[in-house]
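Each remark here refers to the structure printed beneath this line.
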Amino acid sequence: MTMKKIVLKVELQSERTKQKVMKTTSGISGVESVNMDMKDMKLTVTGEIDPVKVVGKLRKLCHTEIVSVGAAKESEKKAEEKIENIAKAAIVTAPLSYSHVYYPPPPYYVGTVEEYPNSGCVIC
46 MTMKKIVLKV
56 ELQSERTKQK
66 VMKTTSGISG
76 VESVNMDMKD
86 MKLTVTGEID
96 PVKVVGKLRK
106 LCHTEIVSVG
116 AAKESEKKAE
126 EKIENIAKAA
136 IVTAPLSYSH
146 VYYPPPPYYV
156 GTVEEYPNSG
166 CVIC
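One rule links them: number in the working numbering = place in the sequence shown (from 1) + 45.
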């Protein structure tokens, strides 16, 4: 998925509902940032997320509508690419080592014991 910026209109009745909305939204996997504008009652969520999934979770708490869905800013993408490039450059593979010489286990000798070693019976 690509980075998306989702703007939602939420109807909050109390401060406690706002806290629950912020906690629920930030707990969704893929969310990068959550911003709340109390003046316009708008919640802005940025990340690699599905807007329908976010709205489904928030509708359990309050009335929620999708205002807009769009791509995240380009500067964030470029910053991410720089971080990824730095991370890739920082990864150094360990040198290959010689394998350990494996010695086979010592042989297992089995001795046989006859019950009556001096018996003269040939048939038994």
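We treat Cβ as the ideally placed atom computed from N, Cα and C, and that holds for glycine.
In DSSP terms, what residue i is bridged to
i, result
"T111", "A quick correction: the sequence has Ile, not Thr, at residue 111. Per DSSP, L53."
"V76", "G92"
"A116", "K49"
Assumed close pair residue i, residue j - CB separation to whole angstroms, cut-off 8 Å
i, j, result
"K87", "L53", "7 Å"
"V100", "T109", "5 Å"
"L106", "T47", "With a Cβ gap of about 27 Å, L106 and T47 do not count as contacting."
"K50", "G115", "5 Å"
Three-state secondary structure assigned by DSSP to residue i
i, result
"M67", "helix"
"K87", "strand"
Chain-order list of residues whose beta-carbon lies under 6 Å from that of residue i (same chain, five-residue window excluded)
i, result
"E77", "T91, G92"
8 Å CB neighbourhood of residue i in its chain, flanking five on each side removed
i, result
"V66", "V55, L57, M81, L88, L103, L106, C107"
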